[in-house]
Amino acid sequence: MWKKHIVSLILFLVITLVTIGFPHGDDAWFSFLSADEQAWQLFVIYRIPEVFIAIIAGFALSIAGLLLQTTLNNPLAGPSILGLTAGSHLMVALTIMGSSVLGLEILDLGITISATIGALIFGLLILVIAARIRSMVSLLLVGMMLGTFVSAITNIILMKADANSVKAFSIWGMGSLQQVSVDQIPLISLLFLVGIGLAFLVTKPLNALILGEKPAAILGVKVKQTRWKIIFVVSLLAGLVTAFCGPIGFVGLIVPNLVRMFYKTAKHGHLLLASGLIGASVMVFCVLLIRIFEPIMVLPINSLTALLGAPIVLFLLLKNIRNA
């Protein structure tokens, strides 16, 4: 198993190194290593934060997706599919519009807290619904309808907002890995480490939950309490990414499924680590694709992950319908 982790780590390091060194415009590869001070400043101000938040986003969303899929016993569960990202979307919209109306300055921590609260509310709602609906496809449809409902509310709010707020929210809503500054890295790192640390603390209950609620309870797992903890962790991780990157779909859904296929294990200690590494690799690869196509067009990260992830989601959906 550790050999596979080493392969995943090497893949992650190679993709990250290529992305960091990719030339900008007519520059050479790894131009920041030259004596050109401007190239170094561009590297520090733009390239480091972009790659950093890509790693954080991929790691966090993939682990959040794995936690959701195990908790709900549903391989089609994910922060974006089940409406958690939409909940964050709504709360951030309310925060941006409310701050504009009241004339208040929006702080990074305030947006993060709003996004986390939105994800937490919808996470608890999905947890209640999942207890009543056993069909994976039905739960998926419920999540999609919740997301559509929230999007409608968000659009109504936007109709009453001023032009600057609408512009700021629209840019944020397309998703971007270029909105993070060097000064924000410590706060993001702290919240990320708290969320990941809490995720690894629930690995043993997760291993038991695979067997089902009753067997897990017999093994001494407090099922309801564990699910509350997991929903909080998922909300924190999904809210953190949504706050700083905008809504990013599909990563939290497809990566855990791919990891299970290749690792073929049910031990969540290994699955969490693998999901984080593969998820980070996927997001950094998206940054590389954005750099490659930059002379032709600017690709929003949310659109790019949708293009890559939608065919895989369709495959997983058809596979589960066929096995039902």
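Going by our numbering, the sequence shown opens with residue 95, and the numbers climb by one from there.
We put the CB at the ideal spot given by N, CA and C, even for glycine.
Just to check my reading of the structure: residue i and residue j have Cβ atoms closer than 8 angstroms, yes? What is that Cβ distance to the nearest angstrom?
| i | j | result |
| --- | --- | --- |
| A293 | L161 | 6 angstroms |
| L383 | L398 | 6 angstroms |
| I325 | G177 | That belief does not hold up - the Cβ atoms of I325 and G177 are roughly 13 angstroms apart, past 8 angstroms. |
| C339 | I147 | 6 angstroms |
| V315 | L303 | 7 angstroms |
| I342 | I150 | Incorrect: roughly 11 angstroms between the Cβ atoms, too far for contact. |
| H99 | L412 | The pair is not a contact, with the Cβ atoms about 30 angstroms apart (cut-off 8 angstroms). |
| I205 | A337 | 5 angstroms |
Under a three-way DSSP split, which group does residue i fall into?
| i | result |
| --- | --- |
| P280 | helix |
| L383 | helix |
| T393 | Note on identity: in this sequence residue 393 is Leu, with Thr being the wrong assignment. Three-state result, L393: coil. |
| N301 | helix |
| I100 | helix |
| P405 | helix |
| Q273 | coil |
| P169 | coil |
| M355 | helix |
| E388 | coil |
| K318 | helix |
| W134 | helix |
| M95 | coil |
| K323 | helix |
| L334 | helix |
| H362 | helix |
| H183 | helix |
What number of angstroms, rounded off, separates the C-alpha of residue i from the C-alpha of residue j?
| i | j | result |
| --- | --- | --- |
| I220 | W322 | 12 angstroms |
| I290 | I247 | 32 angstroms |
| A180 | G241 | 5 angstroms |
| S369 | L136 | 31 angstroms |
| F124 | S156 | 29 angstroms |
| M239 | L365 | 30 angstroms |
| T297 | T165 | 11 angstroms |
| M95 | S375 | 19 angstroms |
| L410 | L352 | 10 angstroms |
| I251 | I312 | 48 angstroms |
| G159 | G212 | 17 angstroms |
| I104 | L393 | 27 angstroms |
| F106 | L305 | 32 angstroms |
| A310 | T320 | 11 angstroms |
| I215 | Q132 | 45 angstroms |
| F344 | A404 | 7 angstroms |
| A257 | D277 | 28 angstroms |
| R226 | I395 | 35 angstroms |
| S270 | L235 | 27 angstroms |
| V260 | T210 | 21 angstroms |
| G115 | V244 | 40 angstroms |
| S55 | N167 | What is shown of the chain runs 95 to 418, which leaves residue 55 out entirely. |
| L284 | S264 | 27 angstroms |
Are the CB atoms of residue i and residue j nearer to each other than 8 angstroms?
| i | j | result |
| --- | --- | --- |
| V349 | G333 | no |
| A154 | V335 | yes |
| P173 | V407 | no |
| V138 | T110 | no |
| M191 | S208 | no |
| H362 | L300 | yes |
| V378 | T113 | yes |
| L127 | L347 | no |
| V317 | P143 | no |
Please confirm if residue i has its CB atom under 8 angstroms from at least one CB of chain B.
| i | result |
| --- | --- |
| L383 | You won't find chain B in this structure, because it holds only one protein chain. |
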